[in-house]
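Here's the structure we're looking at; comments come further down.
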Amino acid sequence: MRWILSVALVLMLAGFSFANPWLGLAFKQEPYKNQIALNVVGVHPSSGALKANIQNGDLIVKINGKKITDMGVVKSELSTAKVGQKVPLEIVRNGKLQTVRVELTERPDDISSLTGSSIGSKAVAFQQNFYRNAEKRKSKPKVTLLDFWATWCGPCRQTLPIVGRLYEKLSSRGFEVIGVSTEQLSVLEQFYKEHPSPYPLYRDATGEMNRHYGISAIPTLMLLDENGYIQKVWPGVPSEKALEKAILDALK
Numbered sequence: 007m008r009w010i011l012s013v014a015l016v017l018m019l020a021g022f023s024f025a026n027p028w029l030g031l032a033f034k035q036e037p038y039k040n041q042i043a044l045n046v047v048g049v050h051p052s053s054g055a056l057k058a059n060i061q062n063g064d065l066i067v068k069i070n071g072k073k074i075t076d077m078g079v080v081k082s083e084l085s086t087a088k089v090g091q092k093v094p095l096e097i098v099r100n101g102k103l104q105t106v107r108v109e110l111t112e113r114p115d116d117i118s119s120l121t122g123s124s125i126g127s128k129a130v131a132f133q134q135n136f137y138r139n140a141e142k143r144k145s146k147p148k149v150t151l152l153d154f155w156a157t158w159c160g161p162c163r164q165t166l167p168i169v170g171r172l173y174e175k176l177s178s179r180g181f182e183v184i185g186v187s188t189e190q191l192s193v194l195e196q197f198y199k200e201h202p203s204p205y206p207l208y209r210d211a212t213g214e215m216n217r218h219y220g221i222s223a224i225p226t227l228m229l230l231d232e233n234g235y236i237q238k239v240w241p242g243v244p245s246e247k248a249l250e251k252a253i254l255d256a257l258k
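Each residue of the sequence shown is one higher than the last, beginning at 7 in our numbering.
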């Protein structure tokens, strides 16, 4: 299935500070005049956005006085922000422009209640179950792709070379891939001998990660940002072109 779950999140973080500030919004991007607008589809109940009376259906068109031409503008404007800081947003509500100031709050790790999916929540930590290429793990990857797969799965076998090619092409730019499977180690090792992958491979021995993310079909791909927050989810075999574009956008 070549589609991406559509909800994007205003979840950009403040560098490497101990507290991760956020606006507390879920939105969909849509064209607006000669730029884009962020159409609000969810407001977290503990966020500064709720206190600022931002509502579903509001269109955010500027942040800190700058037009939102792409998500890089939002990320740039929030890259050095801190918890407690107020950020001015220009919004369109009922056809009228107005400015609101949103206080950044600390971002919770689990926001599935806001997004209705794992998107926007923080990925769970890996244990010591890497069975191949653990030495290739990056200490601070800019973007990580998780590939939930199995050796017996035909669509997974179609996905593996796509992911492998993108890893080889983009790894030097900070892109990391981790393959995740629940199968027996002996099965995984035999498959690796016949079909070696260039990236780290992890055995989810107890199925904890699959249950945590609600993986109901494989392959499923998840794209994480540099802070480990889930940005996009693809069920089924992805379009290589669309997947590469999403990765390149995230690497900016």
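Where is the CB? At the ideal position from N, CA and C, for every residue including glycine.
As the structure is a computational prediction, the values presented were derived from the model and not from experiment.
Beta-bridge partners of Asp255 (DSSP): none assigned. Counting along the chain, Arg163 sits inside no beta strand (DSSP E); it lies in the alpha helix (DSSP H) bounded by residues Gly160 to Leu176. Taking one beta carbon from each stretch, the segment 168-178 and the segment 206-224 have fewer than 3 pairs nearer than 8 Å; the two do not touch.
Following the DSSP letters along the chain, one finds Asn26 in no alpha helix (DSSP H), marked with neither H nor E.
Secondary structure note for Ser187: its beta strand (DSSP E) is the uninterrupted segment Phe181 to Ser187. Taking a C-beta distance under 8 Å as the contact criterion, Leu230 and Trp240 do not qualify as a contact pair. For Gln104, the enclosing beta strand (DSSP E) covers residues Lys102 to Glu109. Its Cα nearest to that of Gly48, the residue Ile60 stands out among Asn40, Ala129, Ile42 and Ile60.
Cβ contact annotation for Gln91 (same chain, cutoff 6 Å, sequence separation greater than five): Leu110, in chain order. Residue environment analysis places Asp76 among the exposed positions, since fewer than 16 neighbouring C-beta atoms fall within 10 angstroms of its C-beta. Within a 10 Å sphere around the beta-carbon of His50 sit 16 or more other beta-carbons, which makes this residue buried. Gln104 sits away from Lys73, with the two beta carbons spaced by 8 Å or more.
Contact between the segment 184-203 and the segment 155-167 is established, with three or more Cβ pairs separated by less than 8 Å. Per DSSP, the beta bridge partners of Pro37 are Ile42. Under DSSP, Trp240 takes part in a beta bridge, and its partners are Leu227.
Here Phe154 is bridged, per DSSP, to Val186 and Thr226.
The count of Cβ pairs closer than 8 Å, one atom from the segment 240-257 and one from the segment 178-188, reaches three, so the stretches are in contact.
For Lys57, no beta strand (DSSP E) run applies; the uninterrupted alpha helix (DSSP H) run containing it begins and ends at Gly54 to Lys57, by DSSP. A check of alpha carbon separations from Leu151 across Ile253, Ser52, Phe136 and Arg171 identifies Ile253 as the nearest.
In this structure, Pro225 and Phe154 form a Cβ contact; the two beta carbons are roughly 6 Å apart against a cut-off of 8 Å.
Using a 10 angstroms sphere on the CB of Thr188, the tally of other CB atoms reaches 16 or more, which defines it as buried. Rounded to the nearest angstrom, the gap between the Cα atoms of Arg217 and Gly234 is 18 Å. Contact between Leu56 and Tyr38 does not hold, since their C-beta atoms are separated by about 23 Å, which reaches or exceeds 8 Å.
In this structure, Ala58 places its C-beta atom within 8 Å of the C-beta atom of Arg107.
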